[in-house]
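These protein sequences, in sequence, are chains X, B and S.
Oh and the first sequence: position 6 is 6 in this note's numbering, straight run, nothing missing.
Oh and the second sequence: position 176 is 176 in this note's numbering, straight run, nothing missing.
Oh and the third sequence: position 126 is 126 in this note's numbering, straight run, nothing missing.
Don't be surprised by glycine CBs; every beta carbon is placed ideally from N, CA and C.
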Amino acid sequence: MAVLELRDVGFSYRRNVKPALDGVSFAVEAGRSVGLVGESGAGKTTVLSLLLGLSSPTAGQILFDGAPLDRRDREMMREFRRSVQTVFQDPYSSLDPRQSVGRIIGEPLRSLGIATGADANERVAAALQAVGLPADASRRYPHEFSGGQRQRIAIARAVVARPRILLADEPVSALDVTTRIQIIELLAELGVSEGMTVVMVSHDLGVVAALCEHTVVLQGGRIVEQGDTRDVLGSPADPYTRRLLDSVPRLPV
Amino acid sequence: MSDDTPLLDVRGLRVASRTGAPLVQDVSFTVGTGERLGLIGESGSGKSLTSFAVTGLLPDGLSASGSVVLGGMQVVGARERELVTVRGNIASVVFQEPLTALDPLMRLGKQVAEPLRRHLGLRGAALRDAVHGALDEVRLPDPERIARAYPHEISGGQRQRVAIAAALACRPRLLIADEPTTALDVTVQAEILALIDTLVAERDMALVFVSHDLAVVSRMTDTAVVLRHGRVVERGPMTRLLSAPTDPYTIELVRSARRLDAALEVS
Amino acid sequence: MSAIVDEAAGQSGETRPEETGATRTRRHSVTLTIGLILLGIVVVVAVVSLFWVPFAPGDTSGERLEHPDATHWLGTDKLGRDLLTQLMIGARIALTVGVGSVAIGAVIGITLGLLAAFAAAWLDDTISAALDILIAFPTLLLAMLIVAAQGASLGTAIIAIGLAMSAVVARLTRVLAKRVLSQQYVTAARTSGTGWFGVIGRHILPNIWPTLSVNLALQFGIAVLAEASLSYLGLGAPPPNASWGRLLQEAQGTVAVAPVGAIAPGVALVVLVIGVNLLADGLRDVADPTRKRSR
Numbered sequence: 001m002a003v004l005e006l007r008d009v010g011f012s013y014r015r016n017v018k019p020a021l022d023g024v025s026f027a028v029e030a031g032r033s034v035g036l037v038g039e040s041g042a043g044k045t046t047v048l049s050l051l052l053g054l055s056s057p058t059a060g061q062i063l064f065d066g067a068p069l070d071r072r073d074r075e076m077m078r079e080f081r082r083s084v085q086t087v088f089q090d091p092y093s094s095l096d097p098r099q100s101v102g103r104i105i106g107e108p109l110r111s112l113g114i115a116t117g118a119d120a121n122e123r124v125a126a127a128l129q130a131v132g133l134p135a136d137a138s139r140r141y142p143h144e145f146s147g148g149q150r151q152r153i154a155i156a157r158a159v160v161a162r163p164r165i166l167l168a169d170e171p172v173s174a175l176d177v178t179t180r181i182q183i184i185e186l187l188a189e190l191g192v193s194e195g196m197t198v199v200m201v202s203h204d205l206g207v208v209a210a211l212c213e214h215t216v217v218l219q220g221g222r223i224v225e226q227g228d229t230r231d232v233l234g235s236p237a238d239p240y241t242r243r244l245l246d247s248v249p250r251l252p253v
Numbered sequence: 001m002s003d004d005t006p007l008l009d010v011r012g013l014r015v016a017s018r019t020g021a022p023l024v025q026d027v028s029f030t031v032g033t034g035e036r037l038g039l040i041g042e043s044g045s046g047k048s049l050t051s052f053a054v055t056g057l058l059p060d061g062l063s064a065s066g067s068v069v070l071g072g073m074q075v076v077g078a079r080e081r082e083l084v085t086v087r088g089n090i091a092s093v094v095f096q097e098p099l100t101a102l103d104p105l106m107r108l109g110k111q112v113a114e115p116l117r118r119h120l121g122l123r124g125a126a127l128r129d130a131v132h133g134a135l136d137e138v139r140l141p142d143p144e145r146i147a148r149a150y151p152h153e154i155s156g157g158q159r160q161r162v163a164i165a166a167a168l169a170c171r172p173r174l175l176i177a178d179e180p181t182t183a184l185d186v187t188v189q190a191e192i193l194a195l196i197d198t199l200v201a202e203r204d205m206a207l208v209f210v211s212h213d214l215a216v217v218s219r220m221t222d223t224a225v226v227l228r229h230g231r232v233v234e235r236g237p238m239t240r241l242l243s244a245p246t247d248p249y250t251i252e253l254v255r256s257a258r259r260l261d262a263a264l265e266v267s
Numbered sequence: 001m002s003a004i005v006d007e008a009a010g011q012s013g014e015t016r017p018e019e020t021g022a023t024r025t026r027r028h029s030v031t032l033t034i035g036l037i038l039l040g041i042v043v044v045v046a047v048v049s050l051f052w053v054p055f056a057p058g059d060t061s062g063e064r065l066e067h068p069d070a071t072h073w074l075g076t077d078k079l080g081r082d083l084l085t086q087l088m089i090g091a092r093i094a095l096t097v098g099v100g101s102v103a104i105g106a107v108i109g110i111t112l113g114l115l116a117a118f119a120a121a122w123l124d125d126t127i128s129a130a131l132d133i134l135i136a137f138p139t140l141l142l143a144m145l146i147v148a149a150q151g152a153s154l155g156t157a158i159i160a161i162g163l164a165m166s167a168v169v170a171r172l173t174r175v176l177a178k179r180v181l182s183q184q185y186v187t188a189a190r191t192s193g194t195g196w197f198g199v200i201g202r203h204i205l206p207n208i209w210p211t212l213s214v215n216l217a218l219q220f221g222i223a224v225l226a227e228a229s230l231s232y233l234g235l236g237a238p239p240p241n242a243s244w245g246r247l248l249q250e251a252q253g254t255v256a257v258a259p260v261g262a263i264a265p266g267v268a269l270v271v272l273v274i275g276v277n278l279l280a281d282g283l284r285d286v287a288d289p290t291r292k293r294s295r
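What follows is the structure, given as structure tokens:
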């Protein structure tokens with residue numbers, strides 16, 4: 001059974017305006033990483049907002065563990081938040097500048113009632129280690145770290161609650177090329193070691209190809225193609241997918 | 001100017017911050033007529049600062065020293081009055097953010113008209129025709145409508161085309177493109193790169209292309225200079241840089257780029 | 001230009017653990033110290049006045065308009081009352097006005113501002129319009145209207161000034177809160193399971209406090225001056241529990257003969273207002289984890 005599923009989902013910001021999403025259906029199965037590819041205006045932000053449980057679809061359903069996600073159901077939302085955690089795009093604005101790194105990483109534990117005090121500190125330390133940052137980082141502040149390191153902090157925050165799904169919104173777009181590979185590898189490794197399924201939203205085909213087993217291609221609020229990454233990128237059926245692939249600048253062999 | 005004199009001759013360029021900290025150190029390169037040079041670097045490498053220094057566009061507080069000779073004129077230490085004479089007709093710049101490079105409160109036609117008015121002295125109907133012609137050259141459909149529109153009324157790719165039109169309006173000898181496609185969608189990026197490529201070739205212009213993306217730089221230029229922390233760490237033909245880099249940083253850069261590129265080979 | 005700024009920042013902002021560790025334990029600031037001293041002087045004088053003043057407040061035994069001498073350190077006013085005594089009592093009143101009106105202004109203002117920041121667009125627009133109308137009234141005029149309606153006393157003056165202040169504080173809070181709300185770390189907090197109250201307490205308030213506190217310090221000074229103006233116009237608390245403003249008013253007619261009568265309260269006002277502003281600046285510097293400290 002799929003952990004998270006969008007079934008014929010539609011979303012309109014206002015009536016009588018073209019919907020941001022129309023008839024979108026895809027499923028996230030445990031252990032099978034998913035990449036959502038699209039350019040601006042494709043509806044990635046809207047899909048993300050729905051997957052984060054921050055908005056509700058105006059058509060169709062979002063299913064969590066097979067049951068429709070009800071944002072007013074506190075118990076369900078608590079379980080949802082425990083199960084789905086996120087790494088955001090901008091490492092410079094996704095960390096509260098006035099909180100220490102330790103507090104930042106520990107926030108999900110506090111807010112979800114998972115752990116407090118010494119127990120929480122232990123888990124924060126374990127998360128820091130898992131992302132390759134030194135233990136003393138927890139006493140420092142975000143501005144003391146580089147972009148790549150901040151993204152590691154953001155990842156630590158996302159994994160500390162041991163979620164089943166790790167949602168990553170353009171996790172490496174704001175990073176240097178040399179750092180990108182490191183973060184992608186970290187995400188892949190954590191997916192295995194922590195038993196998480198990674199769902200990544202990105203405009204960068206290369207990054208999606210490197211990390212995800214299943215690829216969903218979005219255009220103008222609709223899914224134009226989805227399937228095994230190997231198939232979608234290797235022999236794209238849809239002309240838009242083909243155009244997308246052809247547009248990516250490639251290194252000469 | 002003889003054919004041997006490079007269009008742009010940078011020697012020992014140094015850019016320092018207000019406190020004196022060096023942001024760019026001892027950077028040298030030359031660009032001759034019709035040549036294409038890439039400036040490769042990641043954040044903090046000084047690549048953008050270098051391209052700004054070349055046209056005397058460094059922000060307040062930053063100071064440049066060394067030598068930058070552009071079209072026969074020394075840019076370092078030159079007064080604004082002198083620099084204005086070379087900007088637009090010897091060298092032009094296209095920036096990364098089309099939204100901030102264009103005045104949001106001015107109609108696009110007026111913004112393209114400005115360099116034409118200043119350097120070529122065009123007015124009235126002749127000016128209007130020249131503006132439409134410039135917009136047409138960057139393959140914008142319906143140039144009259146675009147000329148009347150404001151920046152926010154058109155798409156990012158179209159804005160970048162307008163920015164290119166404004167940059168090329170006075171037929172500069174050198175185009176400096178600083179991450180011109182980084183903020184654009186990948187399909188639009190391909191179109192804009194093709195446009196720049198064509199226009200530069202048609203007009204036999206020189207090109208300095210600044211970017212962190214090795215694939216893009218290799219598509220647009222033949223030789224490149226690799227910058228790191230404000231210094232040149234390696235230079236040479238793109239083919240050699242990609243196949244046999246010598247500097248450890250360049251090696252890492254190429255390796256990372258190849259890893260991501262390889263992921264797209266799924267067959 | 002952001003690319004340039006980022007580049008410059010990137011080059012100088014790389015992690016240097018040795019540096020940040022050592023300097024962080026050494027957080028102090030000159031402005032904070034001076035501010036504390038100046039404010040401290042006024043506070044000490046005010047506290048002392050609760051237990052001891054040179055003369056009883058209503059004592060008119062002195063010669064009128066005496067120059068400063070051994071008995072009356074600052075001289076006397078036109079009714080023979082000791083000026084130093086009045087100055088000391090005035091300190092107490094100034095602090096009460098400052099703290100009281102800032103408390104009212106802050107509580108009402110911050111609450112309204114947060115409400116507007118979170119509200120749906122129409123409610124936000126309504127609140128903002130109401131605030132703008134309120135702000136359009138000069139603080140003094142507003143205070144005068146309220147005081148004229150309710151009668152002049154220290155209490156009404158404080159409430160009036162506090163209400164006028166709350167509009168400015170609300171507008172500032174709304175803008176700052178909205179800015180924080182648009183940051184990704186707020187979205188991150190919500191997806192971490194933090195509820196709205198948690199977001200306000202843990203993320204919004206700490207991040208708006210630096211700017212807000214400086215503004216509140218400014219308001220403190222404005223409040224004290226506003227009350228002084230009200231007193232000057234005869235709308236403040238009547239003597240002998242007179243504020244510095246009232247002292248200024250009374251000294252007005254006799255400033256050529258006994259200048260100390262006007263200079264003393266004037267200097268006192270300056271010391272207090274500057275002290276509070278410097279203190280707020282200093283506190284903001286010290287509390288900010290991102291400010292690079294120099295020895």
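- Contact note: Gly201(S) does not reach chain X at a C-beta cutoff of 9 Å; the least C-beta distance is about 12 Å.
- Annotated three-state conformation of Leu279(S) is helix, per DSSP.
- In this model, Ala168(X) and Thr86(X) are separated by some 6 Å (Cα to Cα).
- Counting C-beta pairs with one atom in each stretch, the stretch 116-130 of chain S and the stretch 58-75 of chain S have fewer than three that are closer than 8 Å, which means they do not touch.
- Using a Cβ-Cβ cut-off of 8 Å, Leu133(X) does not count as an interface residue toward chain S, since no Cβ of chain S sits closer than that to its own.
- Gly162(S) and Leu212(S) have their C-alpha atoms some 16 Å from each other.
- Contact between Val147(S) and Leu230(S) holds: CB atoms are separated by about 7 Å, below the 8 Å threshold.
- CA-to-CA, the gap between Val45(S) and Ala91(S) works out to about 7 Å.
- Interface flag for Arg32(X) against chain B is unset, since no Cβ pair is found closer than 8 Å.
- Distance check between Gly230(B) and each of Gly34(B), Arg18(B), Ile40(B), Glu35(B) places Ile40(B) closest, using alpha-carbon atoms only.
- Arg180(X) sits in a helix when the DSSP states are folded into three classes.
- Take Thr239(B), set aside five residues on each side of it, and no residue of its chain has a beta-carbon closer than 6 Å to its own.
- Note on the stretch 184-208 of chain X: whole beta strand (DSSP E) runs with a minimum of 3 residues are 197-202, in chain order.
- DSSP, reduced to helix, strand and coil, places Leu235(S) outside both helices and strands of the structure shown, so it counts as coil.
- For Ile196(B), the enclosing alpha helix (DSSP H) stretches over residues 186-202.
- Around the beta carbon of Pro265(S), 16 or more other beta carbons lie within 10 angstroms, which makes this residue buried.
- About 4 Å separates the beta carbon of Gly282(S) from that of Thr31(S), a gap short enough to meet the 8 Å contact definition.
- For Phe52(B), the CB contacts under 6 Å within the same chain, skipping 5 residues up- and downstream, are Leu58 in chain order.
- Boundaries of the alpha helix (DSSP H) around Phe51(S): 30-51.
- Here the stretch 151-171 of chain B does not lie against the stretch 27-45 of chain B, with fewer than 3 beta-carbon pairs under 8 Å apart.
- Collapsing the DSSP output to three states places His214(X) in a strand.
- With fewer than 16 neighbouring CB atoms inside 10 Å of its own CB, Ser193(X) falls in the exposed class.
- Interface criterion met: the Cβ of Pro249(X) is under 8 Å from a Cβ in chain B.
- With 16 or more other Cβ atoms inside 10 Å of its own Cβ, Glu137(B) counts as buried.
- For Glu234(B), the enclosing beta strand (DSSP E) begins and ends at 231-237.
- Interface with chain S (8 Å Cβ-Cβ cutoff): Thr86(X) is included.
- Ala134(B) places its beta carbon 8 Å or farther from that of Ala91(B).
- Between Leu211(X) and Leu187(X) the beta-carbon gap is near 6 Å, inside 8 Å, which marks them as a contact.
- Around the beta-carbon of Ser256(B), 16 or more other beta-carbon atoms lie within 10 Å, marking it buried.
- Neighbourhood of Asp176(X) in chain B, by CB distance below 8 Å: Glu42, Ser43, His212, in chain order.
- From the beta-carbon of Leu186(X), no residue of chain S is found nearer than 7 Å; the closest lies around 18 Å away.
- By the CB criterion at 8 Å, Ile89(S) and Pro54(S) fall outside the cutoff.
- Listed by position along chain X, the residues whose Cβ is nearer than 8 Å to that of Asp185(B) are Glu39, Ser40, His203.
- Between Glu107(X) and chain S, the shortest Cβ-Cβ separation is below 8 Å.
- The stretch 188-202 of chain S makes no contact with the stretch 97-105 of chain S, as fewer than three CB pairs between them are under 8 Å.
- Note: Glu225(X) is bridge-paired with Val217(X) in the DSSP secondary-structure output.
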